[in-house]
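K.L.:
The sequence shown begins at 595 in the working numbering and counts up one residue at a time.
Once you've had a glance at the structure underneath, I'll fire off some questions.
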Amino acid sequence: MKTALVLEGGSLRCMFSSAITDLMMEQGLVFDAVYGVSAGSLTGVNYVSNQPKRTMRVNIDFAHDRDYLGMKTLLLNKSIFNFDYLLDSISNTYLPLDRKTFETGSVDFTCAATNIETGEAVYFNKHSCDDIYMALIASSSMPLLSPIVDVCGTKCLDGGIKIAVPYQKAIDDGYEKIVVIPTREHGFRKAFPSRTLSKLYLNRYYRYPEFVKTLIDTPRMYDRQMNEIDALQRKGRIMVIRPERAVTVSRTEKDVCKLMALYHEGRKTAEKAWESLSRYLSS
C-alpha cells in the first residue's frame, strides 16, 4: 500500500515531530511521500533527505543566532525567521542539506502554502515546482512577521493559515496508509483573533480581502480539521501520533532546555507508539 507522512507546522514546536521522524530514519522507515505545512515542511525536507537530527540541530544550534531568528532579522529582512540565511549559510555551510537526495530521491514531497489573492491553499510538489525552496519559504512565512513570497507567480504566505494539517491532500492523492503528526495535544483549539489583531490583518492585507477572511477564520478551520482527524482516526483511515500533554513551546522559543524537553517527549511518544505504527502500516 502507498504510505504518506503528514506533518503539521507550529514553528519551533516541530521539535516534537522532528524527534519522531528521527526515530523513523534511524529504524529505516521510509514513506512513499511526505506532506508538510509551515515548519512541518522544513522538518519533512530533512526526512526526505534522510538526515536524522538535522532539524533538531538547526533549532538548537541557532536558537540564539540573531542572524537567523529575532528582532534583528525582522528589522533587516522584514521576517522573524531569516529563511535566506537558513537555506544559504546554514544549509550550504554549517549544516549542509543533502539537496541531491531531497530532490532526486524516491520519497515524494509536497508542501502547502496559502494563496493570499484567493485565500485558498496551494500545493507545491518537488517534481513540478520550479523553485521548491521558495515554496518552502512561502509555506513557513507567518503573517505580519514575514513578507509576502512569490512562488512561480503566486503570492503566498504560511500554509497553516488555510490548511493546518494536509491529510486530505494525501487522501486525495491516493495514499492508503497515512500517518499524521500534529504538534499540539489532543483537544487544543486556536483562539479567535482579537479586535486589535483583526484590524492589523485588515490594515496590512487590505488589498487581499479573501486572505483577510481566511486569516480571521483560521481558528474555525483548525477546529474543523481536528474534528475530521479524530473521525478518520476512529475509522482507522489514518494513524495519529501527537503530544500527550500541553505544549508550552512558543513559535519563536529561545529556551533550548524547553526545546530539548519537547524533542525528548517526541522521542518517548514515538517509541511508545512504534508497535502500533508497525501494525498499522503492515495491516
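For glycine and all other residues, C-beta sits at the position ideal for the given N, C-alpha and C.
1. Does I832 come out as helix, strand or coil in the three-state DSSP assignment?
2. Taking the beta strand (DSSP E) that K749 belongs to, which residues open and close that run?
3. For Y727, which residues of its own chain have a beta-carbon under 7 Å away from its beta-carbon, when the five flanking residues on both sides are left out?
4. Going by the DSSP bridge assignment, what does Y717 pair with across the sheet?
5. Can you check which of these residues, L617, G664, A598, is closest to S844 by C-alpha distance?
6. I want to know whether the region 712–720 touches the region 741–761 - three or more CB-CB distances under 8 Å.
7. What are the boundary residues of the alpha helix (DSSP H) that includes A616?
8. Which residue from D692, C750, A785, H721 puts its Cα closest to that of I731?
9. Going by the beta-carbon positions, is the gap between V642 and F703 smaller than 7 Å?
10. In angstroms, rounded to a whole number, what distance separates the CA positions of L738 and A864?
11. What did DSSP end up calling T597 once you bin it into helix, strand or coil?
12. Is DSSP giving Y761 helix, strand or coil here?
13. Are I823 and S611 close, meaning C-beta to C-beta below 7 Å?
14. Does DSSP classify Y769 as helix, strand or coil?
15. Could you give the distance in angstroms between the alpha-carbon of Y769 and the alpha-carbon of L670?
16. Hey, would you say A706 sits closer than 7 Å to P760, going by beta carbons?
17. Between the Cα of S632 and those of K666, I710, D752, V639, spot the shortest distance and give me the residue it belongs to.
18. Closest to S788 by CA distance: which of Y874, P813, G634 is it?
19. Inspect the beta-carbon positions of A613 and G860 and report whether they are closer than 7 Å.
20. Measure the Cβ-Cβ separation of K784 and Y816 and say whether it is below 7 Å.
21. In the DSSP assignment, find the unbroken alpha helix (DSSP H) run with D659 in it and report its ends.
22. Name the one or two DSSP bridge partners that G630 has.
23. Between which residues of its own chain and P889 is the CB-CB distance below 7 Å, once the five residues before and five after are set aside?
24. Cα-Cα, which of N644, K666, T637 is closest to N653?
25. Is D744 helix, strand or coil when you go by DSSP?
26. Can you tell me which residues form a DSSP beta bridge with L663?
27. For P837, count the other beta carbons within 10 Å of its own beta carbon; 16 or more makes it buried, fewer makes it exposed. Which is it?
28. Can you give me the C-alpha to C-alpha distance between Q827 and Q762, rounded to a whole angstrom?
29. Would you mind sorting F786 into buried or exposed? The rule is 16 or more other CB atoms within 10 Å of its CB.
P.N.:
The structure says:
1. Along the sequence shown, read from residue 1 onward, the residue named residue 832 stands at position 238. Shown here, I832 sits in a strand according to DSSP, grouped into three states.
2. Counting from one through the sequence shown, the residue named residue 749 turns up at place 155. 748–752 is the extent of the beta strand (DSSP E) around K749.
3. Locating residue 727 in the sequence shown gives position 133, where the first residue counts as 1. Setting aside the 5 residues that flank it on each side, Y727 is surrounded in the same chain by L681, each with a C-beta closer than 7 Å to its C-beta; the list follows chain order.
4. Looking up residue 717 in the sequence shown gives position 123. BP columns for Y717 point to A706.
5. To locate residue 844, count along the sequence shown from 1; it is residue 250. It is G664.
6. Output reads yes: the region 741–761 touches the region 712–720.
7. As a working note, residue 616 is residue 22 in the sequence shown. The sequence shown places Asp at residue 616, rather than the Ala named in the question. 608–620 is the span of the alpha helix (DSSP H), which, as asked, contains D616.
8. Taking the first residue of the sequence shown as position 1, residue 731 is located at position 137. Taking each of D692, C750, A785, H721 in turn and checking the Cα distance to I731, the smallest one comes out for C750.
9. Position 48 of the sequence shown, counted from the first residue, corresponds to residue 642. Position 109 of the sequence shown, counted from the first residue, corresponds to residue 703. A Cβ-Cβ contact shorter than 7 Å links V642 with F703.
10. Residue 738 sits at position 144 when you count from the first residue of the sequence shown. Residue 864 sits at position 270 when you count from the first residue of the sequence shown. For L738 and A864, the distance between alpha carbons rounds to 34 Å.
11. As a working note, residue 597 is residue 3 in the sequence shown. DSSP places T597 in strand when its eight states are reduced to three.
12. One-based indexing of the sequence shown puts residue 761 at position 167. Residue state for Y761 is assigned as helix, using DSSP reduced to three classes.
13. Here residue 823 corresponds to residue number 229 of the sequence shown, with the count starting at 1. Here residue 611 corresponds to residue number 17 of the sequence shown, with the count starting at 1. Inclusion of I823 and S611 in the CB contact set at 7 Å is not warranted, their separation being larger than that value.
14. On the sequence shown, residue 769 is found 175 positions in, with the first residue counted as 1. Here Y769 sits in coil by DSSP.
15. Residue mapping note: residue 769 aligns to position 175 of the sequence shown, counting from 1. Residue mapping note: residue 670 aligns to position 76 of the sequence shown, counting from 1. Roughly 42 Å separates the two Cα atoms.
16. The count along the sequence shown starts at 1 and reaches residue 706 at position 112. The count along the sequence shown starts at 1 and reaches residue 760 at position 166. In contact: A706 and P760 (Cβ atoms closer than 7 Å).
17. As a position in the sequence shown, residue 632 is number 38, starting the count at 1. Of the listed residues, the one whose Cα sits closest to S632 is D752.
18. Here residue 788 refers to the residue found at position 194 of the sequence shown. Proximity to S788 across Y874, P813, G634 peaks at P813, based on C-alpha coordinates.
19. Counting from one through the sequence shown, the residue named residue 613 turns up at place 19. Counting from one through the sequence shown, the residue named residue 860 turns up at place 266. The answer is yes: Cβ separation under 7 Å.
20. For the purposes of this step, residue 784 is taken as residue 190 along the sequence shown, with counting starting at 1. For the purposes of this step, residue 816 is taken as residue 222 along the sequence shown, with counting starting at 1. In contact: K784 and Y816 (Cβ atoms closer than 7 Å).
21. On the sequence shown, residue 659 is found 65 positions in, with the first residue counted as 1. Per DSSP, D659 lies in no alpha helix (DSSP H) segment and is marked neither H nor E.
22. Indexing the sequence shown from 1 puts residue 630 at position 36. According to the DSSP secondary-structure assignment, G630 is paired through a beta bridge with L601, C705.
23. For the chain, the structure presents residues 595 to 877; residue 889 sits outside this window and is missing.
24. Position 59 of the sequence shown, counting from 1, holds the residue named residue 653. Comparing alpha carbon positions, the residue from N644, K666, T637 closest to N653 is T637.
25. To locate residue 744, count along the sequence shown from 1; it is residue 150. Residue state, collapsed to three classes: strand.
26. On the sequence shown, residue 663 is found 69 positions in, with the first residue counted as 1. Within the DSSP bridge table, the entry for L663 names F675 as partners.
27. Along the sequence shown, read from residue 1 onward, the residue named residue 837 stands at position 243. Here P837 is buried, its C-beta having at least 16 other C-beta atoms within 10 Å.
28. Along the sequence shown, one-based indexing puts residue 827 at 233. Along the sequence shown, one-based indexing puts residue 762 at 168. Approximately 13 Å between the Cα atoms of the pair.
29. On the sequence shown, position 192 is the one that residue 786 refers to. So F786 ends up on the exposed side.
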